[in-house]
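So the sequence shown is numbered by this note's numbering: it starts at 22 and just counts up by one.
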Amino acid sequence: MSDQNIRTEHRVPSTEHQRIRLPYWFDIVFVAALALYAFLGITLVPFHGDEAMQIYMSGDYATVFLEGSAASLANQGPYYIDSDAQLRILNGTINRQTIGLAWYTAGYTRADLPPAPGWDWGLSYDNDVATGHRPTEHQLVVARIPSALLLAGSVAVMFALAQRVGGRVVAYGATALYTLNPVVLVNGRRAMQEGALLFFGLLAVYAACLIVQHMRAADTHPRSAAGQFWRWALLALACGLTLASKHSGVVFVAATLGWVFIGGILRAWAGRGRLRRIALHVLQTALAGLAAVGLFVALSPALWNDPLARFGDLLAARAELIDIQVTAYPTAPMSLDERISAILTQPFMTPTAHFEADAFDVPPMQAEIARYMASPLSGVQFGIAGAALEFLSLIGIIGLVFWLLRRGRARATAAGLLVWLAVTVASLLANPLPWQRYYLSLIPVVSLLAVIGGLWLLRRLGANVYVEPAGSDPE
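Structure representation (structure tokens):
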């Protein structure tokens with residue numbers, strides 16, 4: 022590929038794009054339609070007990086912003102099960118604070134919140150409803166708006182990331198697979214932490230991709246160097262907000278920093294002054310990681326009282342909770358074979374899970390689930406096509422290996438995607454619980470791989486399709 026082709030590919034990234042000739046305004050319409058689709062299901066999605074807990078904890082919004090008493094949220098335990106102290110240290114702050122904003126904007130007050138701890142898992146479903154632990158339907162819709170808006174925003178981020186990874190065809194395919202995935206929709210629409218996790222997690226990965234793809238240009242052009250500074254700032258900001266969204270966002274953050282680290286070294290190694298460039302890159306990556314942790318602590322009042330000690334408390338409380346969940350869940354802990362099987366089947370082949378606790382397997386919830394699944398807003402049930410998508414994602418890994426072995430800008434992007442996949446898979450191999458929402462972080466990268474694999478396979482079979490990263494500068 023000539024330098025001229027490289028410079029123009031971001032405008033027309035492949036021969037397939039030249040054939041279909043879609044105008045760029047269609048990208049906006051496509052993303053907007055999918056984002057609207059993701060948002061609209063908030064009135065139908067079945068209730069989850071964790072929504073009531075998040076709504077109850079949104080009372081912290083009044084403490085911080087209406088009373089100006091954020092420091093009162095700092096503590097050092099003890100962290101009894103379902104106490105406010107435990108809920109604060111175990112959960113991110115973004116969702117409950119944005120729920121609080123929506124709650125008070127809608128005219129509700131602290132008096133309208135469900136009783137502590139939001140949802141009492143020691144009671145039956147009927148008793149929780151009878152004691153006021155389930156919010157009203159209007160309250161649920163109000164509380165779901167922030168997460169659903171962030172889920173809709175993640176659609177745009179996914180499109181931008183996929184376009185940087187492989188051009189417009191990959192962007193259309195991967196974004197559709199991501200948005201129409203019923204697992205993404207049912208979890209992202211609820212008043213829970215997953216909408217924020219997906220938005221900021223994907224934004225962090227996108228920033229990593231931008232940094233690596235612009236490294237060479239930043240070394241030679243002052244304007245590009247200034248842009249690179251803001252890309253690093255975006256990376257640190259997105260990583261910090263990912264951690265503050267949900268603590269399991271550490272998987273996105275580790276994958277993001279790994280992408281930047283490995284991809285950046287590959288690009289730095291190809292140019293002059295490689296040792297200086299590599300040393301600078303390592304320093305920049307470390308500073309971005311430290312800035313992200315600092316932002317996470319700043320946004321987490323539960324950690325303010327001696328942050329290092331509170332990190333230890335967080336890990337201990339998390340381990341205690343996992344032990345309780347594993348003991349209570351009949352099919353946990355999963356064996357290694359079961360974990361590998363779940364990694365292969367959860368993204369596209371496993372039916373949508375609407376709850377984890379048997380207490381929700383009751384007629385009122387069954388009726389809610391049936392109504393939701395009958396709606397076209399519930400997403401695409403992939404069925405047998407799910408197996409084909411899983412197969413194509415494995416082919417996509419082979420395609421990335423070919424990118425990695427070639428010289429050119431594709432190597433750094435391929436390395437970044439493989440690091441993202443490896444970190445996510447490693448985290449799931451360590452997960453003892455077969456809960457579907459824990460596999461959300463796998464769906465975006467597998468959606469990308471499925472489309473890349475499909476196009477790569479078609480290319481091998483002689484079809485006139487082409488896929489390669491749309492970075493701005495040659496290696």
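Each residue gets a CB set at the ideal place from its N, CA and C atoms; glycine is no exception.
Rounded straight-line distance, which links the Cα of residue j to that of residue i
| i | j | result |
| --- | --- | --- |
| residue 441 | residue 300 | 22 Å |
| residue 263 | residue 279 | 15 Å |
| residue 168 | residue 328 | 27 Å |
| residue 85 | residue 363 | 40 Å |
| residue 458 | residue 374 | 8 Å |
| residue 8 | residue 190 | The question about residue 8 has no answer, for the chain in this structure spans 22 to 496. |
| residue 54 | residue 474 | 25 Å |
| residue 307 | residue 202 | 35 Å |
| residue 256 | residue 100 | 33 Å |
| residue 418 | residue 396 | 34 Å |
| residue 198 | residue 110 | 34 Å |
| residue 305 | residue 253 | 8 Å |
| residue 358 | residue 128 | 50 Å |
| residue 383 | residue 422 | 48 Å |
| residue 24 | residue 295 | With a pLDDT of 34 at residue 24, under the threshold of 50, the predicted position of this residue should be treated as unreliable, though the coordinate-derived value follows. Straight-line Cα distance between these residues: approximately 22 Å. |
| residue 115 | residue 367 | 27 Å |
| residue 151 | residue 204 | 30 Å |
| residue 347 | residue 376 | 15 Å |
| residue 412 | residue 476 | 13 Å |
| residue 132 | residue 139 | 13 Å |
| residue 392 | residue 65 | 8 Å |
| residue 59 | residue 438 | 25 Å |
| residue 96 | residue 471 | 46 Å |
| residue 485 | residue 222 | 34 Å |
| residue 173 | residue 56 | 4 Å |
| residue 465 | residue 43 | 24 Å |
| residue 288 | residue 405 | 40 Å |
| residue 142 | residue 268 | 22 Å |
| residue 185 | residue 75 | 35 Å |
| residue 175 | residue 231 | 17 Å |
| residue 323 | residue 71 | 19 Å |
For residue i, the three-state DSSP class (helix, strand or coil)
| i | result |
| --- | --- |
| residue 545 | Given a span of 22 to 496 for the chain in the structure shown, any question on residue 545 remains unanswerable. |
| residue 115 | helix |
| residue 248 | helix |
| residue 389 | helix |
| residue 208 | helix |
| residue 69 | coil |
| residue 479 | helix |
| residue 461 | coil |
| residue 75 | helix |
| residue 383 | coil |
| residue 42 | coil |
| residue 401 | coil |
| residue 269 | helix |
| residue 396 | coil |
| residue 88 | coil |
| residue 324 | helix |
| residue 279 | helix |
| residue 214 | coil |
| residue 485 | coil |
| residue 7 | Coverage of the chain is limited to positions 22 through 496, which leaves residue 7 absent and any answer about it impossible. |
| residue 80 | coil |
| residue 201 | coil |
| residue 261 | helix |
| residue 333 | helix |
| residue 315 | helix |
| residue 36 | Any reading at residue 36 needs caution, since the residue's pLDDT is 35, under 50, leaving its predicted position unreliable; the model's value is listed next. Of the three classes helix, strand and coil, the one that applies to residue 36 here is helix, per DSSP. |
| residue 62 | helix |
Chain D within 8 Å of residue i, Cβ atoms only
| i | result |
| --- | --- |
| residue 266 | The structure shown contains no chain D; it holds only a single protein chain. |
- [ ] Can you check the segment 96–183 for any alpha helix (DSSP H) of at least 4 residues that lies completely inside it and give the ranges in chain order?
- [x] Here the runs fully enclosed are 105–111, 115–126 and 146–151.
Task: the segment 384–403 / the segment 338–349 touching (three or more Cβ pairs under 8 Å) - done: No, the segment 384–403 does not touch the segment 338–349.
Task: Touching by the beta-carbon criterion (3+ pairs, under 8 Å), the segment 432–441 and the segment 271–286 - done: Contact between the segment 432–441 and the segment 271–286 is present, because at least three Cβ pairs lie under 8 Å.
Open item on the list: My parser needs the alpha helix (DSSP H) runs of 4 or more residues fully inside the segment 403–456; what are they?
Closed with: Whole alpha helix (DSSP H) segments, 4+ residues: 405–426 and 431–450.
Task: Three CB pairs or more closer than 8 Å across the segment 50–65 and the segment 183–198 - done: Contact between the segment 50–65 and the segment 183–198 is present, because at least three Cβ pairs lie under 8 Å.
- [ ] Within the segment 344–379, note down every full alpha helix (DSSP H) run reaching 4 residues or more, in order along the chain.
- [x] Fully enclosed alpha helix (DSSP H) runs of no fewer than 4 residues occupy 357–366 of the segment 344–379, in order along the chain.
Open item on the list: For the structure I just gave you, are there three or more beta carbon pairs, one from the segment 88–103 and one from the segment 155–168, closer than 8 Å?
Closed with: Verdict: no, contact absent.
- [ ] Evaluate contact between the segment 120–129 and the segment 147–156, counting only Cβ atoms and requiring at least three cross-stretch pairs below 8 Å.
- [x] As far as the Cβ criterion goes, the segment 120–129 does not touch the segment 147–156, which means the pair count is below three.
Open item on the list: Within 8 Å, do at least three Cβ pairs link the segment 175–185 to the segment 224–234?
Closed with: Note that the segment 224–234 touches the segment 175–185; at least 3 beta-carbon pairs, one per stretch, sit closer than 8 Å.
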